[in-house]
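Going letter by letter, the sequence shown gives residues 322 to 462 in the numbering used here. Here is the structure we will look at.
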Amino acid sequence: MKLRTYIVEDNATIRENLIGTLEELASVEAVGVAETEDEGTQWLATHGEQWDLAIVDLFLRQGSGLGVLAACRTRRPGQKMVVLSNYATPDVRMRCAQLGVDAVFDKSNEIDALVDYCVLHSSSHPVGVDVSGSRTPPSGA
């Protein structure tokens, strides 16, 4: 089953390259994108059943990825929040951990690790239940 992924990233080039890479190399389906804290927070909160993974940049056009992370501290079991940032310092990693982030990846040298993370979680992703309550069959079934 594809990992339904929401991306909060204000740089269009990075965002489109990331989506292309993840859709090609991992079983990921981009279900939406946001460029600002407000857009990301609102979508994730109002579409709680429609995403499995959120990839969040910290520095956004408006607001901060930290605000998005804080707003999603309480989420469904199995939903993952990861950070992809150019500023993955030890202090930033610690702050993200305090906000309940599942992983932090550095844009400059950990894209492969992010892809591996997505592959791992898409392969272990259970059969889902869609909004109507019907079970979603695993891919290939």
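Every residue, glycine too, gets a C-beta built ideally from N, C-alpha and C. Note that the structure is a prediction, hence the values are computed from the model and not measured.
1. Is the CB-CB distance between Y327 and A355 below 9 Å?
2. Under 8 Å, with one C-beta from each stretch per pair, do the stretch 384 to 396 and the stretch 416 to 425 reach the 3-pair mark?
3. Helix, strand or coil for M402, going by three-state DSSP, please let me know.
4. Cβ atoms of V425 and V403: under 9 Å apart, would you say?
5. CB-CB under 8 Å to L390, same chain, minus the five flanking residues each way: which ones, in chain order?
Straight from the coordinates:
1. As a working mapping, residue 327 is identified with position 6 in the sequence shown. As a working mapping, residue 355 is identified with position 34 in the sequence shown. The answer is yes: Cβ separation under 9 Å.
2. Segments in contact, yes.
3. The count along the sequence shown starts at 1 and reaches residue 402 at position 81. Secondary structure of M402 (DSSP, three-state): strand.
4. Start at 1 with the first residue of the sequence shown, and residue 403 comes out as number 82. Start at 1 with the first residue of the sequence shown, and residue 425 comes out as number 104. Cβ distance < 9 Å, so V403 and V425 count as in contact.
5. Taking the sequence shown and counting its residues from 1, the one referred to as residue 390 is at position 69. Cβ within range, chain order: V377, M402, V404, C417, L420, G421, V422.
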